[in-house]
Each structure stands twice: as structure tokens, then as C-alpha cells.
Amino acid sequence: MELKFDEKGLIPAIVQDHYTKQVLTLAYMNAESLAISIAEKCTCFYSRSRQCLWRKGETSGNRQHIVSITADCDADALVVEVVKDGPACHTGAESCFFEPVYLSDELKPFAYEGLYQLIKGRKTNPKEGSYTTYLFEKGVDKILKKVGEECTEVLIAGAKQDKEETIFELADLIYHCMVLMVNADISLEDVTRELEKRHVVDHKVKQERMQ
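One gets my numbering by counting positions in the sequence shown from 1 and adding 17 to each.
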């Protein structure tokens, strides 16, 4: 089919993880970068800011190996499915899309992925002045100390039956636990699978194992 490039000779390319179907990034291709992508079987884009071609991963090593390229019904946009060697975002996050703009009330409980990716980005791409980066730089002992401190704060707030303070301290604890998870290379899916396996809502699995 004949693709429709815009007046600048570009076409948007949505890059998607072949296995998870997660949207990784939105970039642009021109005819030359598309031809290179197909020939080399790795993504090559056109940088609108630098006005030049760039191969994904040429400096970071995080190449994207192309599985398929599909055009939309108007032939003016592409979806590029890839198997990636590493994070798609320059921040170190798996996807460039992690900044929340809107989330429905019904889906808010599932919003931890965005926070997890942001924390992960602070580890792989340290940011000066970031508390999260500071924790990673100090190492696991500092992270564990903070998790312990926040556990104590949750217990104190809970004992006082102060709802607002308990919410505040639980948020701190969850954040520091997620820092620990990133540091230990534990994903949200790892924890979710463990919870599903235990059926913790209905069974006291941990206590039964201890008997």
C-alpha cells in the first residue's frame, strides 16, 4: 500500500511491545528511516528536533527489534511491534507514557504501574535533587531502614485510629516498598501473582505455613 506522509515527509509511528502490547513511545519516520527500519529489522526514526535520522539504542544499547509494521486504515500512521532490549524511555522507564493526566475513579486502584515506572526511571536515570534517586544511591540498607520506619509510623497511626494520618503513613510505606521492589528487581506483576496464588482474601496461608 502507499503510505501518506505529511507535508514534512513524516509519518507517526506508535511503538508497541510485542509481548505485553504496552505502548512504548510515539516517534516519527520518513521514507528513509522506514526503509532502514525494514532493512535492519530495528527501529530507526527521524528526529524532528535534531532534523536527522536516529537509530533507537545507538547510544544506550536499548535496541528495538521489529516484529511487524502495520498501517492504519488511512495509511497515515503506523504501529510498530517490537521486542526490546531494554527500556524505551530515556528516563529508564519501560515506556515513555507514565505521566498521569486523567484516570477514572473506577481505575485508580490500578494506577500503581505509573508510579512504579517513575521510581524505576529514577534508578536507571538518576535525577539530581530527587529523593528517590538519593535512596538508590544510599543503597539497600537505607531503603530497608526507611521501610522499617514507615511500618512503625503506620502502626502508631493505626493504634490512634486516626484515619487521615493512617492514610498518609500508608502512602509513605507503599512508596518506600515500591522503591525496595525496584531495587530488588521485583515487579508489580510478581507481587500480584503471589497474592493470586495465595488467595489471601479467604485463606490465612502464611499462618498455615508457620504451623
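Think of the CB as a built atom: it goes at the ideal place given N, C-alpha and C, for glycine as much as any other residue.
As the structure is a computational prediction, the values presented were derived from the model and not from experiment.
How long is the line joining the alpha carbons of Val84 and Thr183, rounded to whole angstroms? Against the sequence shown, residue 84 aligns to sequence position 67. Against the sequence shown, residue 183 aligns to sequence position 166. Rounded to the nearest angstrom, the two C-alpha atoms are 48 Å apart.
Using DSSP bridges, identify the partner residues of Arg72. Numbered from its first residue, the sequence shown carries residue 72 at position 55. According to DSSP, Arg72 bridges with Cys61.
Start-to-end residues for the beta strand (DSSP E) that takes in Glu98: Here residue 98 refers to the residue found at position 81 of the sequence shown. Run containing Glu98: 95–101, per the beta strand (DSSP E) assignment.
At the level of alpha carbons, what is the spacing between Val100 and Arg72? Taking the first residue of the sequence shown as 1, we reach residue 100 at position 83. Taking the first residue of the sequence shown as 1, we reach residue 72 at position 55. Computed Cα separation, rounded: 15 Å.
Do you know how far the Cα of Ser147 is from the Cα of Ile191? Locating residue 191 in the sequence shown gives position 174, counting from the first residue. Locating residue 147 in the sequence shown gives position 130, counting from the first residue. Going by the C-alpha atoms only, they are around 18 Å apart.
Can you say whether Glu186 is buried or exposed, counting buried as having 16 or more other CB atoms within 10 angstroms of its CB? Counting from one through the sequence shown, the residue named residue 186 turns up at place 169. Buried, since its Cβ has 16 or more Cβ neighbours within 10 Å.
Going by other Cβ atoms of all chains shown within 10 Å of its Cβ, with 16 needed for buried, is Ser66 buried or exposed? Within the sequence shown, numbered from 1, the residue matching residue 66 stands at position 49. Per the 10 Å Cβ criterion, exposed.
Does the separation of the CB atoms of Ala92 and Leu205 fall below 8 Å? Residue 92 sits at position 75 when you count from the first residue of the sequence shown. Residue 205 sits at position 188 when you count from the first residue of the sequence shown. Result no, Cβ atoms of Ala92 and Leu205 do not sit closer than 8 Å.
Could you check the C-alpha separation between Ser64 and Asp23 for me, to the nearest Å? Translated into the one-based positions of the sequence shown, residue 64 becomes position 47. Translated into the one-based positions of the sequence shown, residue 23 becomes position 6. Approximately 15 Å between the Cα atoms of the pair.
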